[in-house]
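Scroll down for the structure; my scribbles are underneath it.
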Amino acid sequence: MNTLDTIQARRSIKQFDKKHLISDVDFQTMIKAGMLAPTSFNIQHWRFLQITDKEKRRQLQDAAWGQVQVTEASELLIITANTKAWDQQPERYWKNTTEETRDTLVNMLKDFYRDREWLQRDEAIRSGAMAAQNIMLAATELGYQTSPMIGFDMEKVSELIRLPENHVIVMMLAIGKGTTDAWPRGGQLELDEVLIKDHF
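Under UniProt numbering, think of the first position of the sequence shown as 1, with each following residue one higher.
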């Protein structure tokens, strides 16, 4: 499957085969694909929380208003992002460069993010969302289906997973073997409504 075919094939599925297990190799392939997503200054804000405990899954399903994919999918990820990653040993994001390059980039990123909490949060969510899309496309390429979710009680989920300070939840992501086809696409906007040239 080429990239454009994979993008076309990726659809959100809510019903999964409860008995199917994803191999460790496939799961790690998906996560590594997520880790190749772009991030500002190579900060890599994302943190992928793999929920394996069945009771925790049940509690998370309750917090997601009973949505069955939370417990039925082979894997449940909670994509989170660290809003303070820019200020936590940022030199490690450039460890494979020269000292001069590393120092220049670290100073630039600190100047860019310092005292801009709105930007710190926005950038963390952007990074987490791009990583999640990579994971979904990798899953599709490997023959799995996915269900990205924001329909849940954010405070309850944060409590259940012990979300660290300065982290945000980007989304839940259920992954597995779908047991139903995706619904027909509900209706795409026309290209000339979403593609704008030069100014609004």
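Using N, Cα and C, we set each Cβ at its ideal position, and we do this for glycine too.
Since we're looking at a predicted model, the values are computed, not measured.
Use the C-beta contact count for Gln-145: other C-beta atoms within 10 angstroms, 16 or more gives buried, fewer gives exposed.
Indexing the sequence shown from 1 puts residue 145 at position 145. In summary, Gln-145 is buried, with 16 or more beta-carbon neighbours lying within 10 Å of its beta-carbon over all protein chains present.
Taking Ala-182 as the reference, give the member of Leu-4, Ile-7, Arg-11 and Asn-2 with the closest Cα.
Walking along the sequence shown from the start, residue 182 turns up at place 182. Ranking Leu-4, Ile-7, Arg-11 and Asn-2 by Cα distance to Ala-182 puts Arg-11 first.
Could you tell me how far apart the beta carbons of Gly-34 and Phe-48 are, in whole angstroms, since I believe they sit closer than 8 angstroms?
Here residue 34 corresponds to residue number 34 of the sequence shown, with the count starting at 1. Here residue 48 corresponds to residue number 48 of the sequence shown, with the count starting at 1. About 7 angstroms; that satisfies the 8 angstroms criterion.
From Ile-51 to Gln-59, what distance separates their C-alpha atoms?
Position 51 of the sequence shown holds residue 51. Position 59 of the sequence shown holds residue 59. Rounded to the nearest whole angstrom, the CA to CA distance from Ile-51 to Gln-59 is 11 angstroms.
In terms of alpha-carbon separation, which member of Ser-74, Glu-123 and Gln-69 lies closest to Ala-81?
Numbered from 1 along the sequence shown, position 81 holds the residue referred to as residue 81. The option with the nearest alpha carbon to Ala-81 is Glu-123.
Below 7 angstroms between beta carbons: does that hold for Ile-79 and Leu-195?
The residue given as residue 79 occupies position 79 in the sequence shown. The residue given as residue 195 occupies position 195 in the sequence shown. For Ile-79 and Leu-195, no; Cβs fall outside 7 angstroms.
Please work out which residues of its chain come closer than 8 angstroms, Cβ to Cβ, to Ile-125, disregarding the five sequence neighbours upstream and downstream, and give them in chain order.
Counting from one through the sequence shown, the residue named residue 125 turns up at place 125. If you ignore the 5 residues before and after Ile-125, its C-beta comes within less than 8 angstroms of the C-beta of Ala-81, Val-168 and Val-170, all in its own chain and listed in chain order.
Taking only beta-carbon positions, decide if Asp-122 is within less than 7 angstroms of chain B.
Given the protein chain composition of this structure (a single chain), no chain B is represented.
What distance in whole Å lies between the Cβ atoms of Leu-77 and Ile-175, which are believed to be in contact at a cut-off of 8 angstroms?
Looking up residue 175 in the sequence shown gives position 175. Looking up residue 77 in the sequence shown gives position 77. Yes, Ile-175 and Leu-77 are in contact; Cβ-Cβ is about 7 angstroms, under 8 angstroms.
Sort Ala-129, Gln-133 and Trp-65 by Cα distance to Thr-3 and report the nearest one.
Mapped onto the sequence shown, residue 3 falls at position 3. Taking only the C-alpha atoms, the option nearest Thr-3 is Gln-133.
Expressed to the nearest angstrom, what Euclidean distance is found between the alpha-carbon atoms of Ser-23 and His-199?
As a first step, residue 23 is located in the sequence shown; it is residue number 23 there, counting from the start. As a first step, residue 199 is located in the sequence shown; it is residue number 199 there, counting from the start. Their Cα atoms are separated by approximately 48 angstroms.
Along the chain, which unbroken stretches of the alpha helix (DSSP H) at least 4 residues long are found entirely within the segment 76–144?
99–113 and 117–141
Buried or exposed for Glu-75, going by 16 or more other Cβ atoms inside 10 Å?
Position 75 of the sequence shown, counting from 1, holds the residue named residue 75. The residue in question, Glu-75, is buried, as its Cβ has 16 or more Cβ neighbours within 10 Å.
Quick one: grab the DSSP three-state call for Gly-66.
The residue you call residue 66 lines up with position 66 of the sequence shown. Of the three classes helix, strand and coil, the one that applies to Gly-66 here is coil, per DSSP.
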